[in-house]
Every structure is written in structure tokens, then in C-alpha cells.
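Structure representation (C-alpha cells):
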């Protein structure tokens, strides 16, 4: 089984860290391949960044489909382009926010998300809504550390403090790490905080592995069917799909 | 006052129709300018299409900012890129789904959305949630007519029939047209159906006009502040913002 | 186009202030007429006051209908009698809470309401629910200033402080003014608080103007159809409608 | 213990029927007194009717307070003026929709409301929301029979058919009668339908009796405290309260 | 009329206290009989305790049915086994959390629950959801006093302080006592706190009395119909029902 | 890694089937052990059955803890005793409804549950609420086939027809099988229905395997901490815990 993790930002060092985390948990028959988007912003910290990272992500999904990949992880906590990727891929596509939140919801009555910049708080709540996780999500706590600031291991203790403060404020049962860049702090934070800390990169890798093992993939009809072919103009013309696709008008 | 309507698909005839509709309702001091995205798909009928239409939309917002535009309408019923556009623009940005649903909610207890393909139904419900309109949205009814099929005036009567059927099934007080391409059918459908029919293109134009008149625009802090500058790689590098921006860490 | 603002309390100085605010934003073809209810309490600060203000409001709507008014604003933040007024009027009727909340929801992810007495807090949350605005309403903050206390300009700085405190406590993107009596403080408060401040009087005036421009009015069937004729007893007998009306039994 | 049932419409025959139903269930120490509003519409079938019935209702509450009544039932399924009455009265005030829905929620997972005209459906849903009963309310089914049409016993079988159809359509566990005028059909309908049928008049009478027995009444602080005194103008001037009241600014 | 209160823990002193409280409010024709479960834990303070208390409770319901009891109160604030008891009994079965929350919801806009251990907080919110009372439940406040610690009257003042603190923190209109063991503190706490304090034991007793008076009981079809007969193995074999029962497949 | 599946009914043939399904998906390092409760009903089809099955389930969890089991699956679609089991076990405990619903929510916008008797429909909706899955659960469809009737392979085609009908009625993207007894029909139903069919037995086995792999277990504090020790009376006295436990009063 081949699972591809797509890092939708263009920072290769984050991709390498993500690969390492995922490999540790994947089963012996699973090949984990993390790839870096070849176009877009160096980190994703706004709706604008996210919008411009998605084409690069979709290019990797298209490449993966050509190469026979079995399932995908979108390795950015905003789960950018998840629905578009799901339309494009035959196998399962799971976002790390989606997987982390659902995993944490098995562990108790509520979790706290500890994340990077304050401007992403609103979107995290939107994701909690989208995945039915609002009743479990007790708080979203920005640290003010930018995504690329996580490359510095010295911020680990600052994040640990934020996790402890979040758990106390929210009376929560688990911490969800709100950025793929925090994945390799997970063991450290678990030890420091004395409570479950959920990293979405490993959670999503295992979720995809489980879905592929069960032979489950999106429905071929309706909203997530392959998109209809369309003419394209300008810079992104290579994205035009040429097969007829499925209109998805099952109603 | 200059209001720019951005058609995020690349079909110029739809832009022209939208311009005409908006001009009819705008006040005497308002200049309405509809523009067509210069890159992306010819119509938006999937999450994939939407993701690839957004860069073209954002290029138009950036151009509008350079030209001193006062406010923007995103003229596609999925409201693609709305939050990213709101980060980029100083003045208000309103989506046509957002405006149509809020307008319809003044008219009674519930509305029905009549739209194009069945695969967009799920997203329309997501938008209703996002705007707090789920309690007013009683049903989303696809006609199976593709977006570009709306260029043919012969489909008008088919859509009228769908509107009547939707209102009967949902016991609703108003119809919301679920595609910018239906804007110029609005008067016809109102007459045919004998009930209020809301077109988001004119609703959003008037909403932007009202917001500019009141001097209201997004908060300069937090989630919708100008995005932080970021390095870009590859095809979309022209989108890199160079000003420092605002981190938005108000918490 | 004639828009009538009905002040449902009997304090004429508030009517004059409201007229002035609305005139500033109305388009050149719009005639704004603010009127004072001729019966009822001097201010509305309880469910009891509200119940007894509604007949006076409805008398003004009936008079407006006789005079050919195109649309109405209910100029009290509790939106008293809104549904009854909507039954009676042919054109649109918009409440200032309704308009203010919906306007603020275009500006960001959440707003704070700053209002008069604590006893109105519960009702404000009810209105947020009714209009689908609970997800945007982050807090309702009473100042303890009675409605007629707003006639004293010296309270402006106290309200500015309350707005700043509310925005900080709620991490909100905009302030909604929770009383028609605050309408003429709006520019001052915007300047003092450095964030969007929404006054429902101007928001509702523009909402009605937009609805009339679009030719949109309530559905003629169902809940908001003209009420059935009814025999009346006693003091309020002049309110009896004599036309047959519509039973509204569309189901 | 004295419990007063206020019929807020001006039709005395309905008051007599309501008195009879309530007497049958009240305890031996309870005196039930049903009274008819002395002003307002003959029946309540619109928001307009309701608004104009409330002053008559409040006059009866004020009279009851002067006479030492222990608790009140608002005997109309729209629960008109409930909150205002609760401000005015020292003892408990319960609406028949409130009591009927809460009673039905003890009997199973869902109930169906069978009511009079279709135009009241929306308001019934609003009441279900207000009382937290939406998860139990599975449907609201108008019969098209006007309120005063219920005076004719011949409509009983038509209502029985509507109850059976509603229960089948909603897969519900109980029927809630959506009009005080249906109170005396309750035993007949129970027998005809073979399932629990809840009449709000007896449910509310017993709810008030229970509250008085437990010594429970509204809080004296906050939203439902006695309204502040206020100057009144015109026709309704007798409603002016002269005691200072309570501002309710407990925050 | 015979109402049986079942104390599902095995502490007889709590049963005696509960009996006394219920007798004070029951009507002259009502016989109140409190009984103690004959097997299970001495107090219920975890999901584990609750699961193991339910068989003892159900044995008492079965005995009550054999003895012709008219209705039941489950006298533990977690409402353990309520749905199973409802299947088994012909007459109404009401839990004390259910009754207390619904009673408090008649008294104002929000209540605070004051309870024993922190580990029961989550379940109390679940009950609020189940009964549609989340909009009324403003907070759940553990005192840290174990259930059997309530036998000591000295804790009364500590609980009074917790009630006052809860009401202030939540701006609530009433207190709900979150344990049957607090029932006999109710008068004291009302006096100390100066606001309505609701004890579920008396509330549920009166709710059952009202339901029996109205002749209302669960529907005989569907979810709460008598359970189907089933073979049993091992320690609990006496619980096997031998009558055929009702499959409840009304869909 | 040892994962124990507990079949909480006493029918050993169902346990064998469940073991076989789980073994097929478990990783090479995972030992799957399915066990049958030694006391309780032969199948679980009512709240009553469920209440009396839970002690047998908890006995198996206690035995598993003594034997060093790493994680547990509750192999009955009502997820009986899940929270109590979670208190007792050190490692993760996952219910099959919980796992099936969360798995299906990765596959599209909505799923339909196809289940056994109509009387379990209400509880399935409760579970959907509890897990945040209501927005994904579009319908619950009973077949009327009792649990033990699933032992007959001839019912497979009847269930396939129910799945197809459910998907059509709900316009859903996946089917969730609503009974552990359907686990071995999953491949057949997938082939027959041409859409994803999710069996909770394998989904929960993989969820537990993933949680153990990630080192994630419930928080040791609060609601799901080990229950406090307690004295027991009567038949179930062996369940008394003797260690002090944790009060969980972290607030």
C-alpha cells in the first residue's frame, strides 16, 4: 500500500519531518511518501495563502493518481483543498485536522487545539463544524508562533506551556496540535503535559491506511465524483481535465 | 463609488449579463464594473473548478485595489475565495450566495435554492451554515442544467418549473437563484412563479453599495487583516505579497 | 421611494435623531420619514413595555399603508411587532436588530452587541437566534444606561469604553449598537474604537431601500399574508380589519 | 391555591370550556378561575391578532395580582404575552404550548402538533425552539379549521383523522393539540387515535399547580423582574406602572 | 394513586429522606412509596456505578408493575436506566434530572446545576442535551462533595456558597440541585440564596402525579413498547421476560 | 498488540463471526481476540436488554485488564456501556457505532444507517448526536429483521435491498451497517450496492489498533478516570472496586 502525504507549502524541511513521523506509525506493508508542493507559498497562514497553495496540492494529487497511489494525506492543519482532492483521487484523502479531531474525540469529552497564529482560529472552528467536532472542541489557542518558527526546536517548551494552559482553561481531555509543523514535538509534548497529545500527521496516515485496508473510498457518484471536463484559460490551463467526468446529478 | 463585480469563471458573456443586471439597481452615484477572470475554468461546477478559479479572482481583487475600487462582488454562487478576497481588499467584499440568502431571509420564514448541477448541493448547504442561514434554507434543488447551459434562454421555462416545484415541496416564501448565470432570468421567474425570486448579483451589488455608504469595512485586525508577506515558488510567484502585513495575533 | 421609520416609543426627540441618521445614508430618490407612535410607553425596556408599544407601531403601519409608503423600518432594537407589521404591510418591513446583525455578519466572524439595560440581554440572544445570527453574535453587553439616558451626550464616552471592553472580551470584529437611541453616536464610536460600529437605523434604512429597489416584498401567501378579518371588543376595536384577508392555509 | 386561566381572545364560550377541562384535573385544594380578555380579537390567528390580544391579557394579569392569584395559565397555544405576563406576576405563569410540549416530551421521543390554520405553523416551530423542544417536535400539521370553527363538535372526527395522519407521517409517540379550543376533544381523540394526546390547558394548569406547591416562582432579579415604571401616552395610558420596579441590571 | 420513588443506590437513609420530601408535595390522593435498590453500589458517582445500579432499579420497576404502581420516579440525578424503566412500566417514569431541568426552565432564561463530583459534569450536559435543556442550562458546578458526604448536614453551607457562586458566574435565574441527596437542603438553600432552587425529587413526584392525573403514559408502540422476550444466561437470568412483547417495528 | 472484541450478548456464533472479520483487517503484529459475555441476554434489541448486557461486558473488560489487553472494541451497534468500559480500561475502548460513523464521515457528505428493529432507531440518532455525527447521518432505516435473524444468510439480499433503498431515499454517499451481526455481509453488500458499505467491527478494530500504535489512551483525570471504590450489595457485589480510584474533581 502506498500512501502519499502532500505538504501543500513549499518548505521541504517540513516535508522531511512529516515523512519521518508518518513512517514510525505506518504498518509494515505501507509505503509512506511525503512530497512537497512545487508551487505556492512557503507557509500557509491566511485564507490567501491557502487559496494559492491549493493548485500545487492538486498537482501532486494528479501526479499521484498517475502513479497509482492508494491514498493521500493533506499535511496542513487547515485541510486546504481537501474536497477538490477528494474529487480528483480514486482512493481516500484525509486532512490532518479532520483526522486529529476525530482521533481526539475517541479519548474523552473534549479537546483543545493549540495552534500558530491567531488569525487561523476562526478557520479551525469552521473545520470543527464541518467535521461534526464542535461538541468536542473546547478551545482553539494560538501561540503567536509563525509556522516556519516551528523549525526552531527552542519553541517546544513554549508550546508545552501553551498546551498546559489550554487544557486547564478548557478542562479538556486531550490536546490537538494545530499545525503539521508541530508533528515532531508530539512525544515531547505528551511527556511534558501528562495527557494525550494528538498529531494529525500520524492520525491521518493511520486513517488512510485503515480506509485502504477496508477497501473504502469515496462514492463514485455525486458531489465527490470526478469533476466534469472544462476548458481553461491562462496560467493554470494544464489543470484542464479532458475525460468527460461525471456530472453527479443523482438527484 | 466604484463597485467591481468579479466573475471568477472565464466566460465573458456571463460577465456582460451580470454587469447589466447590477447596473439596473445601482444608485446614481455608483459605478458598476464587471470583470472576467483572466485564468481558470470556463465555468465552476466542482470543488476542483472552484479551487482553480480562485487565483484568477484574487488577481482581479489585487488589480482592483491598485485602482482604488471601493467594494467587490464575487459573482459566483459558491462564493469562491470570499475570505481570501476579504483579506486582500480594504473595502467590503460580498458573495452572491451570502447576499441572496440574507436578502431572502427578510422576506419570510424560508427560501428554496434552485441551482444547476446536483453535485453543488452539499456546498450550498455548507454556505447556508456559514452564513447562519440554515434555519431559513428549506431545500436546495438542482435542475441538472450545467452553468453554460444557462446561456440558452430556452431553459428559462424549465427553471420556472423547478422554482414552482421547489416552493411547493418546501412550503417556502421565496426562491433564491443558485447561479450567477440565472441573474437575467429573475424578472421572468418572478412573473412566472408569483412569489419573490432573489438574484444574488443584484442583492450583493446593493449590499456592497450599502456597506460603502455606511463606511463599513472588515476589521483591520485579526482573521481578515492583510495576509502576512510570504515567499512563493513556481507558477504563482506573482501572488507573493511584499508588504509586511498583519499577523493578526490579537489574542 | 418613501421609507417610513416608525419609532415605537412615544419620545419625539428620538424620532428626530433617527430621521437625521437615516437621511444621511438614503439615496437621492428616497424620501425618509420618521414618525413617533402616538400611544404607549416613553421608552421600551421590558417585555411589558414592548407588548404595549406594539399597537402604536401597528397604527403607524396601517396609516403608512393608507398613504402608499413603500417600506418600513421598526426603529427599536427589540424589533417589536416585526412579524405583525410584516403581515399588515405590502412592502418590506425591516427591524433594526435584524438589519444591524446581518450587516455586521458581512464584516467578519463575530460581533458584540452593546446595549442599555441588563434585562434586555436575553431577548437580544433570542433575536440573534431568530435571524440565524447566533454564530456571529459573540456577546451582549449591557451598559446599565436606560434608553432615555442616551439623550445625554455625556454618556458617549461611557459607551465607547463599553464597546472597547466588549470587543476585547469577545475578540470580535465589529460592534452592533443595541438601541436606536445610540444611532447618532455611531461616527463618534467608530472613531473612538477603531473598528466597525454598526447602527441598525441606517442599516435597516438601506436594507429597505435595497429591497424596494429589487422589487422584493414578503410572499402574499402563508404566514405573512394579510391577517384574516376578525371581530374586536373594547379599547382596541379600531384595529379590526374588515377585508376578508387570506387564511394562509397553503399546506 | 387560586390558579387563573386567562383566555386572551374575547370569546367567552371558549373560556367556559377551558374552565371545565382545568377543573377536572386540578387538586382538591386548587381553585381554578378562567377569565376572558375584555378587549381584543375574537380569536387569535395571526401575529397581528396576537399583538392586539396581549394588552387584554396583561390587564387580566394585573387584575389577578390585585386579587392575590397564585399562578396563571395563558390559554392560547401561541403563548402570547407570556414573557410580559411573567414580568408582571409574582407567581408562576405558564403557557399552554410550553406545558403541552414539555409534557409530551416525557412520553417518548417525538410528538406531532395538530393545529388550526397553516399560517401558525412557523410560530409553533419558534415556540418549540424557545422551549428547547425542537428535538421532540417532529411535525406541525394544520387542519385548516379556523379557531372558532372548533366550537362545532362535528369537526372532531376531522381532527382525529389529522392526528392519525400526523402520527403516521412523523412516526411520533404523542399528539399535542395546537389550540385551546381543542381542549375538550382530548378524551375523544385519545380514544380515537389509540395514543397519548396532550392538551395544553390541563397540562399548564397542573404545571402551575406543581410550581405553586413547590413554592417556585420566577427570579426577582433580571429579565423577568417587575418592569421599570414608565410614562405612557394615549389609549393605553392605564397600563403605566407607577412603582419604581427593578432595572434588572444584574450584570 | 400510587407513585413509587426508586433510589437506585443501596443507601437506605437516602431513600428515607427522599420519601419525606416527596410526601410533603404530593396531593392528598397520592401515596408515595420510596424504595431502595437491593443490589448495586452504595452511591452512584461514575458511569461504572451507574451501569451496575441499573439492574437493581429495573428489579424495583418490575416489582412495582406486579404490585400495580401507577408511576415511578428514578431518584438519582443521572437518571440511570430511565429509558429501560420506561419500556418496562405501563405508567409514566420520570427522572429527577429530567423533571428538575424542565421545571427550572419555566422560571426564567437559564439555570445553574450544582452537583457533587467533577466527574459527573459531562454526563449532566448530556442529559441537558437529551431533554432539550441545553439552551437553559448555563453551567454545571461540582462541589467536590461525594454523594454520601451529603448525609452530613454540615455541608449545607458549603453548598449554599456554591449555589451563590454558580448563579453569579452564570447570571442564572434558578439553581437545580444535581443530586437526590440534596433534596432535603432545598428549603434551606432557597432561603440562603434568595432565588429559586429546584429539587428534582419533588419536581419528578409532581410530574408523575400530573401525568397520571391526565391519564398520560408512554406510547404502546415503538421504542418504548415492552421489550421483546429474550433468553438470558448467567447471573442475571431472572430478568428474562417471558411474554412475547412488542417488536416495535412501526416503520 | 492485543485487541479484545467484546460481544456483549451471549450468542457465541456472533462472536466467532466478529473475530473472523476483525482478523482479516488487523495488522501482522496485532492479536485479535473476540470474547462472549458470560451473562445477559442472547441479543440486544431494547434499552432493557442493553442495560442487562452491560454488567457482562464490564466483567470482560475487567478480565482483559487483568490479562494486559491493550485495547477493546464493544461489538454491538448500540455501543452499550462504552463510557463505563472507558473508565475501567487503561487502553482505548471504541464502540462499533462510533467507529463506523466516524469512518463513513471520511467518505462523503452523508451516510445512511441500515439496522435491525425499528425500536432502535431513536437510540441510533442519539449516538449520532453523541459522536457529532448528526450532520453526516441522513437516515436510520430498520429492516425489521431481529438480531438473531441475521444468522440466516438468506436475509442478505433483503438487507442489500434495504441498503439500496436507503441510499436512494437519503441521497447518501455510504451505508453504515447498524448491527455487529451484519459484519460478515459487508463484502457482499458492497458488491451488491456499488457504494461504500461500512462495518463497525472492522472499523473499530482498526481504530483501536491506530490508537494503540499512536500511544493514545483516555486522559487519566476527570470523567473517564478509574471509578472511585464503592461498597456493593447483593448479586453484583463482585463488581466492587477496591482500589481508591480517582475522584476526578479537576475543576
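Protein chains in written order, with this note's numbering: chain W, 5 to 255; chain G, 5 to 255; chain P, 5 to 255; chain X, 5 to 255; chain D, 5 to 255; chain Z, 5 to 255.
Here a beta-carbon is modelled for each residue, glycine too, at the ideal position from N, C-alpha and C.
Predicted, not measured: the structure shown is a model, and the values here were computed from it.
Residue i beta carbon near the ligand HEM (any heavy atom closer than 6 Å)
i, result
"residue 29(D)", "Because no ligand of any kind appears in the structure shown, any question about the ligand HEM cannot be addressed here."
Residue range of the alpha helix (DSSP H) that includes residue i
i, result
"residue 142(X)", "Run containing residue 142(X): none in the alpha helix (DSSP H); it sits in the beta strand (DSSP E), 141-146."
"residue 37(W)", "Counting along the chain, residue 37(W) falls outside any alpha helix (DSSP H), though it belongs to the beta strand (DSSP E) covering 35-40."
"residue 160(Z)", "160-174"
"residue 65(G)", "51-70"
"residue 90(Z)", "86-92"
Candidates the options: closest to residue i by CA position
i, options, result
"residue 206(D)", "30(D), 20(D) and 12(D)", "30(D)"
"residue 232(D)", "118(D), 95(D), 135(D) and 88(D)", "88(D)"
"residue 91(D)", "69(Z), 202(Z) and 55(Z)", "55(Z)"
"residue 112(G)", "171(G), 190(G) and 52(G)", "171(G)"
"residue 144(P)", "181(P), 245(P), 221(P) and 94(P)", "181(P)"
"residue 20(G)", "173(G), 6(G), 41(G) and 33(G)", "41(G)"
"residue 227(D)", "16(Z), 35(Z), 246(Z) and 52(Z)", "52(Z)"
Segment limits, beta strand (DSSP E) that includes residue i
i, result
"residue 179(W)", "178-181"
"residue 17(D)", "Unbroken run through residue 17(D) is the alpha helix (DSSP H), 16-29; no beta strand (DSSP E)."
"residue 75(G)", "75-78"
"residue 111(X)", "Taken as a continuous stretch (DSSP letters only), residue 111(X) belongs to no beta strand (DSSP E), as it is neither H nor E."
"residue 118(W)", "115-119"
"residue 10(X)", "6-11"
Where residue i sits in the DSSP three-state scheme
i, result
"residue 99(G)", "strand"
"residue 131(W)", "helix"
"residue 124(D)", "helix"
"residue 200(Z)", "coil"
"residue 246(X)", "coil"
"residue 45(P)", "strand"
Closer than 7 Å at the beta carbon, the chain P residues around residue i
i, result
"residue 113(D)", "126"
"residue 58(X)", "55"
Closer than 7 Å at the beta carbon, the chain D residues around residue i
i, result
"residue 47(Z)", "234"
Contact set between residue i and chain W, taken where Cβ atoms lie within less than 7 Å
i, result
"residue 51(G)", "87, 88 and 91"
Contacts that residue i makes with chain G (C-beta to C-beta distance below 8 Å)
i, result
"residue 199(P)", "223, 224 and 225"
Chain-ordered neighbours of residue i on chain Z, where CB pairs are closer than 8 Å
i, result
"residue 133(D)", "133"
Partner residues on chain W for residue i, Cβ-Cβ distance less than 8 Å
i, result
"residue 136(Z)", "109, 135, 136, 137, 138, 139 and 140"
Under 7 Å from the C-beta of residue i: neighbouring residues of chain G
i, result
"residue 206(P)", "218"
Where residue i meets chain B, residues with beta-carbon distance less than 7 Å
i, result
"residue 178(X)", "Note that chain B does not occur in the displayed structure, where the protein chains are W, G, P, X, D and Z."
Contacts of residue i in chain G (Cβ-Cβ under 9 Å)
i, result
"residue 229(W)", "50 and 123"
Practice item. Inspect the CB distances between the region 22-29 of chain G and the region 101-108 of chain G and report whether three or more fall short of 8 Å. Key: Between the region 22-29 of chain G and the region 101-108 of chain G there are fewer than three C-beta pairs closer than 8 Å, too few to call the two in contact.
Review point. At a cut of 8 Å, does the region 217-236 of chain G reach the region 122-135 of chain P through at least three beta carbon pairs?
Key: no
Review point. Is there contact here, the region 42-51 of chain W with the region 5-13 of chain G, by at least three beta-carbon pairs under 8 Å?
Key: no
Practice item. Taking 8 Å as the threshold, find out whether the region 196-210 of chain Z comes into contact with the region 154-167 of chain Z through three or more Cβ pairs. Key: Contact check between the region 196-210 of chain Z and the region 154-167 of chain Z: three or more CB pairs, one atom from each, fall below 8 Å, which counts as touching.
Point to revise | Three CB pairs or more closer than 8 Å across the region 63-83 of chain D and the region 65-84 of chain Z | key: The region 63-83 of chain D makes no contact with the region 65-84 of chain Z; the number of CB pairs closer than 8 Å stays below 3.
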